[in-house]
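Protein chains: 2
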Amino acid sequence: MITKLKIVMLGFGDAGQAFARLLLEKHNEIREKYKYDIQVVAISTGSRGSLVDMDGIDLNLTLSNMKELNKFDQNRKDFSKLNSMEIVEKVDYDVMMELTPINIFTGQPAIDHIKMAFNRGKHAITANKGPIAWAFEELQELSKEKNSLFYYETTVMDGTPIFNLVEKTLEFCKVTEINGILNSTTNFVLEELANGKDYDTVISEGKERGFIEADPAMDIEGWDAAAKTAVLLNVLMGANTTPVEIDRMGIENIKREDIEDAANRGKQIKLICHGSIENGKIVGSVKPKEIDKDDLYSNIKGTSSVVTISTDLMKDLTIVEHDPEIEQTAYGIFGDLLRVIRNIN
Amino acid sequence: MITKLKIVMLGFGDAGQAFARLLLEKHNEIREKYKYDIQVVAISTGSRGSLVDMDGIDLNLTLSNMKELNKFDQNRKDFSKLNSMEIVEKVDYDVMMELTPINIFTGQPAIDHIKMAFNRGKHAITANKGPIAWAFEELQELSKEKNSLFYYETTVMDGTPIFNLVEKTLEFCKVTEINGILNSTTNFVLEELANGKDYDTVISEGKERGFIEADPAMDIEGWDAAAKTAVLLNVLMGANTTPVEIDRMGIENIKREDIEDAANRGKQIKLICHGSIENGKIVGSVKPKEIDKDDLYSNIKGTSSVVTISTDLMKDLTIVEHDPEIEQTAYGIFGDLLRVIRNIN
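Chains A and B are the protein sequences, given in the same order. First residue of the first sequence: 13, per the working numbering; consecutive thereafter. First residue of the second sequence: 13, per the working numbering; consecutive thereafter.
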């Protein structure tokens with residue numbers, strides 16, 4: 013017997029659209045393997061309209077709307093005026109996907125979306141790291157209380173498995189330290205500055221290639237890396253911290269001369285995320301550090317990222333993600349959905 | 013209610029002893045979490061005697077026997093004359109651990125041990141890569157037929173999760189290519205030769221530090237790497253290949269001048285394991301290759317190892333294990349035992 017699994021998507025940006033394409037591609041395979049017919053019954057966006065159709069939204073049509081109109085066609089029969097919170101609160105669904113843009117200083121309104129879903133006994137997946145950086149412990153407890161599943165694998169390294177790796181393969185290991193290069197913008201900028209380019213050229217090239225935001229301040233000042241560090245410390249070390257508690261220094265004051273001076277001593281400057289236990293307290297930092305050319309981290313180039321997880325029983329384990337594209341984020345969300353399917357009652 | 017889980021260990025070398033120590037440390041935690049009381053009811057060795065005790069062998073005493081006598085005390089009441097195959101065939105147990113030394117050219121007698129366990133409806137864990145390199149498909153099918161669980165996480169990178177990573181976190185991904193540096197002896201030798209040491213000095217230093225075998229030929233000639241490559245291709249790509257089918261070239265003919273010549277061009281020579289699909293056929297190779305200094309692989313130093321798994325949906329994912337010690341292998345076996353516990357029945 014085939015069971016219908018109804019999902020709502022809050023947000024339909026690049027990652028949401030890539031997820032929709034992947035779902036279209038794998039829909040029948042999932043149906044065959046798990047006996048679930050996945051249907052997207054609602055999609056909300058901030059400024060492109062919303063869609064609601066309890067029989068399942070036509071994703072092909074929706075993707076071509078975005079391509080042709082850059083918004084949803086208001087003449088569609090499934091066009092809706094409901095906003096994100098109204099969809100979370102009123103629509104009948106099984107799984108909510110929080111794919112809205114992050115507010116790095118509050119985690120809202122994504123936190124409230126997820127709370128509402130749990131309070132209604134629904135499952136939640138978030139690709140928005142705000143809720144995990146700001147309210148992980150509270151959300152985790154609420155999900156348990158309500159018997160809701162809660163997954164967030166894409167919040168740090170797109171689809172690269174970190175949380176599932178630790179949960180599924182490092183049981184009984186205690187995480188004692190975390191290191192990483194987790195912000196692609198700063199990694200790219202530092203590398204290109206070292207190659208002799210000037211800052212403005214590097215930023216405009218990054219924007220053209222699509223991975224530097226219109227306003228790159230959140231990346232350059234280390235806020236994105238601080239949020240990811242908070243996520244790692246909250247999930248893997250039980251820190252119950254927030255981005256503002258991470259000891260943060262961006263790369264905005266790094267000068268060409270600093271980079272050249274480091275290079276003359278065989279070093280490279282990288283923005284390093286770090287978490288460890290000091291005097292019984294879990295502390296996190298994001299800071300530019302000089303990395304030796306013999307260090308693995310010196311060869312994390314461009315938009316690649318890396319995390320090293322140190323544990324008592326398995327020592328250090330390093331995972332590298334190479335030049336991720338939006339399809340990897342889509343796979344991460346897809347993987348979380350598969351986890352819901354496997355663990356649903 | 014607490015259920016007794018009876019295990020037999022074939023082999024009690026460094027990894028077996030480290031596993032016994034870890035089991036002693038975590039026994040009560042497992043009992044509390046999973047309600048299983050793990051008891052080692054038999055241990056066999058090639059030349060140090062065997063032990064059988066259905067009430068559970070005293071592991072502390074056994075470890076001190078090894079430390080003090082380098083064999084089992086023949087006056088112990090649990091001392092036994094049964095050999096490995098007799099233990100697999102006759103003792104009452106739930107899980108067999110195959111920890112005997114590998115025969116790289118046949119995979120035997122480990123393959124027969126595992127077959128016997130499955131034919132008796134028992135579960136099996138192997139840290140011996142021979143069976144996976146030589147007979148994976150057959151053993152996998154037999155385990156399914158007999159409803160036996162079969163785990164082998166330590167066979168390629170000690171405790172580093174590779175197979176579980178792919179199974180648990182990369183579902184629906186098709187593995188299209190594999191690369192790696194998987195033999196620590198050759199990696200260490202090539203690095204030390206590049207540092208200007210001569211071959212004999214390097215080998216004797218490695219022997220002193222305990223990670224180069226008395227006869228290093230299997231490592232130097234690439235056989236160990238070929239067996240690991242066969243394991244990866246069999247498990248992750250369904251290749252049904254064997255070590256002799258891997259296109260293998262060791263480092264025995266690499267001269268100091270080759271290394272210096274590469275260094276002059278900014279390159280390092282590393283022994284690279286590779287698997288890919290060519291004309292619809294899965295092919296594997298082990299060969300010394302020149303690696304650029306900007307390549308991540310150039311910074312895999314000493315006894316560290318690395319594997320990169322390329323898939324259709326998640327692109328390339330790299331995992332690095334840093335300077336593993338015997339405790340990491342022990343954790344790998346322990347992790348496989350936890351998987352048995354979670355998936356039993």
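The beta-carbon is built from N, C-alpha and C at its ideal position, and this holds for glycine as well. What you are looking at is a predicted structure, and each value in this text was computed from that prediction instead of being measured.
Give the interface partners of E183 of chain A over in chain B, defined as CB-CB distance under 8 Å, in chain order.
-> Within chain B, the residues G347 and L350 have their CB atoms less than 8 Å from the CB of E183 of chain A, given in chain order.
Note down, one range per segment and in chain order, each beta strand (DSSP E) of at least 3 residues found wholly within the segment 284–345 of chain B.
-> 293–304, 317–323 and 327–333
Chain A contact residues for W271 of chain B, given Cβ-Cβ distances below 9 Å = The residue you asked about is not Trp; residue 271 of chain B is Ile in the sequence shown. Those do not exist, as I271 of chain B stays about 17 Å from chain A at its closest Cβ, beyond 9 Å.
Using a Cβ cut-off of 8 Å (strictly closer), state whether Q340 of chain B contacts chain A.
-> yes
Using DSSP with H/G/I as helix, E/B as strand and the rest coil, what is N191 of chain B?
-> DSSP places N191 of chain B in strand when its eight states are reduced to three.
Starting from V53 of chain A, follow the alpha helix (DSSP H) in both directions and report where the run begins and ends.
-> Not the alpha helix (DSSP H): V53 of chain A falls in the beta strand (DSSP E), residues Y48 to S56.
Element boundaries [alpha helix (DSSP H), containing S155 of chain A] = G142 to E157
Who are T138 of chain B's beta bridge partners in DSSP?
-> B:E110
Does H334 of chain A come within less than 8 Å of chain B when only Cβ atoms are used?
-> The C-beta of H334 of chain A comes closer than 8 Å to at least one C-beta of chain B.
Could you confirm whether any beta carbon from chain A is found closer than 8 Å to the beta carbon of L177 of chain B?
-> yes
Would you say K47 of chain B faces chain A, with C-beta separation under 8 Å as the test?
-> Closer than 8 Å to the CB of K47 of chain B there is not a single CB belonging to chain A.
Any chain A beta carbon closer than 8 Å to I331 of chain B | yes
Short check: CB of I424 of chain A to CB of Y48 of chain A, under 8 Å?
-> Residue 424 of chain A is absent from the model: chain A starts at 13 and stops at 357.
Would you verify that the beta carbon of Y163 of chain B is, or is not, closer than 8 Å to some beta carbon of chain A?
-> no
When burial is assigned at 16 or more other CB atoms within 10 Å of the CB, is R351 of chain B buried or exposed?
-> R351 of chain B sits buried, since 16 or more C-beta atoms from the chains shown fall within 10 Å of its C-beta.
Alpha carbon of S317 of chain A to alpha carbon of V332 of chain A, nearest angstrom | Rounded to the nearest whole angstrom, the C-alpha separation of S317 of chain A and V332 of chain A is 6 Å.
Candidates A:I116, A:T198 and A:S322: which alpha carbon is nearest E256 of chain A's?
-> Note that residue 256 of chain A is Val in the sequence shown, not Glu. Of the candidates A:I116, A:T198 and A:S322, the one whose C-alpha sits nearest the C-alpha of V256 of chain A is A:I116.
Would you mind working out which of A:D212, A:G192 and A:D124 sits nearest L245 of chain A, comparing C-alpha positions?
-> A:G192
Cα-Cα separation, L151 of chain A to N207 of chain A = Going by the C-alpha atoms only, they are around 44 Å apart.
For S92 of chain A, which of helix, strand or coil comes out of DSSP?
-> strand
Where D104 of chain A meets chain B, residues with beta-carbon distance less than 7 Å | Within 7 Å Cβ-Cβ: nothing; D104 of chain A doesn't reach chain B, min ~27 Å.
Backbone secondary structure at M97 of chain B - three-state DSSP = M97 of chain B sits in a helix when the DSSP states are folded into three classes.
Based on Cα-Cα distance, which residue from B:D273, B:L17, B:G296 and B:E157 lies nearest to D104 of chain B?
-> Selection B:D273, B:L17, B:G296 and B:E157 evaluated against D104 of chain B yields B:L17 as nearest (Cα-Cα).
Taking Cβ positions only, does N311 of chain A come closer than 8 Å to chain B?
-> yes
Mind checking which residues open and close the alpha helix (DSSP H) that includes I123 of chain A?
-> A122 to N131
Could you have a look at M78 of chain A and say whether DSSP puts it in helix, strand or coil?
-> helix
Helix, strand or coil: how does DSSP classify M21 of chain B here?
-> Three-state result, M21 of chain B: strand.
In this structure, does DSSP put V214 of chain B in helix, strand or coil?
-> helix
Does the segment 65–72 of chain A come close enough to the segment 94–102 of chain A that 3 or more CB-CB pairs lie under 8 Å?
-> no
Candidates B:H135, B:A342 and B:D227: closest to D26 of chain B by CA position = B:A342
From what residue to what residue does the beta strand (DSSP E) around S62 of chain A run?
-> Its beta strand (DSSP E) spans residues S62 to V64.
Can you tell which of A:D236, A:T172 and A:Y46 has its C-alpha closest to the C-alpha of L298 of chain A?
-> The identity of residue 298 of chain A in the sequence shown is Val, whereas the question assumes Leu. For the residues A:D236, A:T172 and A:Y46, the minimum Cα distance to V298 of chain A belongs to A:D236.
CA-to-CA distance, L75 of chain B to E101 of chain B, given in whole angstroms = Near 25 Å, if we compare the C-alpha coordinates of L75 of chain B and E101 of chain B.
At least three beta-carbon pairs within less than 8 Å, the segment 150–166 of chain B to the segment 124–141 of chain B | yes
Which of helix, strand or coil DSSP assigns to T198 of chain B = helix
Which term fits S322 of chain B, buried or exposed, when burial requires 16 or more other beta carbons within 10 angstroms of its beta carbon?
-> Within a 10 Å sphere around the beta-carbon of S322 of chain B sit 16 or more other beta-carbons, which makes this residue buried.
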